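Q:
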Amino acid sequence: MPLLIYNSLTRQKQEFKPIKAGEVTMYVCGPTVYDLSHIGHARSAVAFDVVYRYLKYKGFRVKYTRNYTDIDDKIINRANKDGVAWNEISERYIKAFDEDMAALGVELPNFRPKATETIQEMIGVIQALIDKGFAYVLDGDVYYSVRKFNGYGKLSGKNIEELEAGARVEVDERKEDPLDFALWKKSKHGEPWWDSPWGRGRPGWHIECSAMSQKFLGETIDIHGGGKDLIFPHHENEIAQSEGATGKPFVRYWLHNGFVNIEKEKMSKSLGNILAIRDALNNYSFEAVRLFLISSHYRSPIDYSPDALREAEVALERYYRTLERMEKDWPDVVNAKVNEQRKKQRMQRIINAMDDDFNTAYAAGFIFEEVNTANRLMDSAKTLGTNELEEALPVIKAIFKEAGSFLGVFHRGPQEYFAEKKGNLKVSEEEIARLVLERSEAKKDKDFKKADAIRKELEEKGVLLEDTPKGTVWRMKI
RNA sequence: GGCGGCGUACCCAAGUGGCUAAGGGAGCAGUCUGCAAAACUGCGAUGCAGCGGUUCAAAUCCGCUCGCCGCCUCCA
């Protein structure tokens, strides 16, 4: 079964065929670094992280670029507000973004260029556009003449006349047409600037992605991704710039992720309903955040709520508890030789799901079916024997590992997952051990009242006790 | 106003023409347990916003209606 990808440009799922067989070039719009990243940025990053990982899993050599927009009005405004240099702001939030990505287990793209490191290339693209008649200079500014580009609107499905009619932008009277957008902005007093053939200035927003994707990936790239809100005008303008300058198709497959909503409304700065990535990670494991994000299709909107994250954490704990049980109770079985044919067969369901436009939610469903199978077989080992168990457990563990490699969830060891949770403990482990022992003594004496009191006391401190045949174990309450 | 998307059980969510409508969470009952917890088993949509149509067959295609959301302005 081929890999199908929904292409925003054609509005349908298409079989994915890269330009060069076996090799994929992929560009994703990164953040404008003027504030902490929120859960919406996490969604985009995780969605394309999964795309990147899965393409690699499929055997493609992937060249993946994600930029930082480190020069922009918002950065300058923030710097003025804070009374610091603009690049202090951008550097601070690049660092914060990198930390958040690492904390989310997002793999590093091959190239992570900053806009300000690519100014010369941008100037080159702008010059090419001027030379070809797509752009014009106006007193130190350079504008793109939208009407000169034939395919304008093909990605967003808009036509120029309607845009014209509905234009809400403040019109710069000097522009030849209200829809024309800035490629280069003459620097105002006190603003950062770079030298250019048109005088000192700084780049417009859209030009950077055209320049950077060309520099690192070439004139025509396979995949370009970003949030749905970037379709217009950002990506529309990128197409106009890149195709205008090179005369070649810019992108073969456009991918756009849906939003994270809060209370059914888009999370955004202007509405003030932001959840920062690091705030989410304070309360939940990064895998729970990822599981929450991949439990819906990447193009659908998802509604954030504390409950939704909690449910993801509960599900994840169920998963790790099962894996822990497999490894602790059946160490020899679980590490026995994998029946490759069986594995391939079970794994194929997950691969089919992923091949269908990265249906991670469906894929995750199969993981939980395996969880159920493992538990069921372990439960019934005493009565039904271990034949089936011996064949299934190694396969199940291998599936977890393999699917985890591209989902970025389910791929750690249980001890690591649970150890991370113990970091939030409010009671010392020594104290817990002491109370557990005290309770065991009480249980031995049939003093169940005392035993229950201790269990209740610990539960109030967020520690749950479980009596197993091998003794009492404890874990963190979610 | 223009363009686009969505509406599946108590909640989240997959499924977009054809086996018993995945999976997770919550609930109830049972097994296990001193009691719990965990795990397992069973129950739970004769039904996929509503109405009509196409078809041997529709949650899935078409039309209308209702409701929600997004883009058209910086935004992942």
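My numbering puts the first residue of the first sequence at 117, with every later residue one more than the last.
Think of the CB as a built atom: it goes at the ideal place given N, C-alpha and C, for glycine as much as any other residue.
Every value quoted in this text rests on a predicted model; they were computed, and no experiment measured them.
When the Cβ atoms of the segment 460–477 are set against those of the segment 507–522, are three or more pairs found closer than 8 Å?
A: Result yes; three or more Cβ-Cβ pairs closer than 8 Å.
Q: Taking the alpha carbon of Tyr170 as the reference point, which residue from Ile570, Lys301, Met142 has its own alpha carbon closest?
A: Residue Met142 is the option with its Cα nearest to Tyr170.
Q: Terminal residues of the continuous beta strand (DSSP E) containing Tyr122?
A: Segment 120–123, the beta strand (DSSP E) holding Tyr122.
Q: On the three-state DSSP scale, how would you describe Arg290?
A: Coil, per DSSP.
Q: Which complete beta strand (DSSP E) runs does the segment 202–263 hold, if anything under 3 residues is left out?
A: Complete beta strand (DSSP E) runs here, min 3: 251–254, 257–260.
Q: For the segment 268–280 against the segment 353–370, do three or more pairs of beta-carbon atoms, one drawn from each stretch, fall closer than 8 Å, so that the two count as touching?
A: Touching, per the Cβ criterion.
Q: Give the straight-line distance between the Cα atoms of Phe132 and Ser153, rounded to the nearest whole angstrom.
A: Going by the C-alpha atoms only, they are around 31 Å apart.
Q: Take every Cβ of the segment 239–254, pair it with every Cβ of the segment 193–202, and state whether three or more of those distances are shorter than 8 Å.
A: Contact fails: fewer than three Cβ-Cβ distances are below 8 Å.
Q: Please determine, among Arg458, Arg437, Asp445, the residue with the shortest C-alpha to C-alpha distance to Val487.
A: The option with the nearest alpha carbon to Val487 is Arg437.
Q: So, for Gly267: in the same chain, excluding its five sequence neighbours on each side, which residues have a beta-carbon less than 6 Å away from its beta-carbon?
A: So the list is empty, once near-sequence residues are dropped.
Q: Per DSSP, Glu582 forms a beta bridge with which residues?
A: In the DSSP output, where bridge partners are listed per residue, Glu582 has Val589.
Q: Is it buried or exposed, Tyr292, if we count other Cβ atoms within 10 angstroms and call 16 or more buried?
A: As written in the sequence, residue 292 is Glu, which differs from the Tyr given in the question. Counting Cβ neighbours within 10 Å, Glu292 comes out exposed, since fewer than 16 surround it.
Q: Which residues does DSSP pair with Gly342 in a beta bridge?
A: His372.
Q: Comparing alpha-carbon positions, which option in Asp445, Ala396, Ser401, Arg441 lies nearest Ser421?
A: With distances taken between Cα atoms, Ser421 lies closest to Ala396.
Q: With a cut-off of 8 Å on the beta carbons, I'd call Leu371 and Val167 a contact; round off their distance for me.
A: Going by Cβ atoms, the distance from Leu371 to Val167 rounds to 7 Å, so yes, they are a contact pair.
Q: Buried or exposed: Asp338, going by 16 or more other Cβ atoms within 10 Å of its Cβ?
A: It is buried - the Cβ of Asp338 has at least 16 other Cβ atoms within 10 Å.
Q: Below 8 Å, can you find three or more Cβ-Cβ pairs linking the segment 401–411 to the segment 218–228?
A: At 8 Å Cβ cutoff, the stretches touch.
Q: Three Cβ pairs or more, each shorter than 8 Å: is that satisfied between the segment 340–358 and the segment 302–313?
A: The answer is no - the segment 302–313 does not touch the segment 340–358, with fewer than three Cβ pairs under 8 Å.
Q: Three-state secondary structure (DSSP) at His305?
A: The answer is coil: DSSP assigns His305 none of H, G, I, E or B.
Q: Whole angstroms are fine: how far does the CA of Asp583 sit from the CA of Lys565?
A: Rounded to the nearest angstrom, the two C-alpha atoms are 16 Å apart.
Q: Helix, strand or coil for Tyr478, going by three-state DSSP, please let me know.
A: Helix at Tyr478.
Q: Could you check what DSSP says for His157 in three-state terms: helix, strand or coil?
A: His157: helix per DSSP, three-state reduction.
Q: Classify Thr148 as buried or exposed, calling it buried when 16 or more other Cβ atoms lie within 10 Å of its own Cβ.
A: Buried, since its Cβ has 16 or more Cβ neighbours within 10 Å.
Q: Alpha carbon to alpha carbon, what distance is there between Leu425 and Val405?
A: C-alpha separation (whole angstroms): 6 Å.
Q: Which of the three DSSP states, helix, strand or coil, is assigned to Val543?
A: Val543: coil per DSSP, three-state reduction.
Q: Could you compute how far the alpha carbon of Thr588 sits from the alpha carbon of Leu119?
A: Rounded to the nearest angstrom, the two C-alpha atoms are 48 Å apart.
Q: Here's a check: name, in chain order, each residue in its chain whose Cβ is nearer than 7 Å to the Cβ of Asn123, leaving out the five neighbours to either side.
A: Gln130, Tyr369, Trp370, listed in sequence order.
Q: For the alpha helix (DSSP H) that contains Tyr533, what are its first and last residues?
A: From DSSP, the alpha helix (DSSP H) with Tyr533 extends over 530–538.
Q: Restricting to Cα atoms, I'd like to know which of Tyr150, Tyr184, Ile155 is closest to Ile191.
A: Comparing Cα positions, the closest option is Tyr150.
Q: Are Val454 and Glu506 touching if we call contact CB-CB under 8 Å?
A: Not in contact: Val454 and Glu506 (Cβ atoms no closer than 8 Å).
Q: If Ile512 and Thr476 are in contact, beta carbons under 8 Å, what's the gap, nearest whole angstrom?
A: Not really, about 19 Å apart at Cβ, beyond 8 Å.
Q: Near Glu440, what residues of its chain come up, given a Cβ to Cβ distance below 8 Å and the 5 sequence neighbours on each side ignored?
A: Pro530, Gln531, Phe534, listed in sequence order.
Q: What are the boundary residues of the alpha helix (DSSP H) that includes Thr438?
A: First-last of the alpha helix (DSSP H) with Thr438: 422–445.
Q: Roughly how many angstroms separate the alpha carbons of Ala480 and Met592, rounded to a whole number?
A: Distance between the alpha carbons of Ala480 and Met592 is about 24 Å.
Q: Just verifying my parser: in three-state terms, what is the DSSP assignment at Glu335?
A: Note: Glu335 maps to coil in three-state DSSP.
Q: Please check the pair Gln357 and Tyr260, which I expect to be a contact at CB under 8 Å, by giving their CB distance rounded to whole angstroms.
A: About 7 Å; that satisfies the 8 Å criterion.
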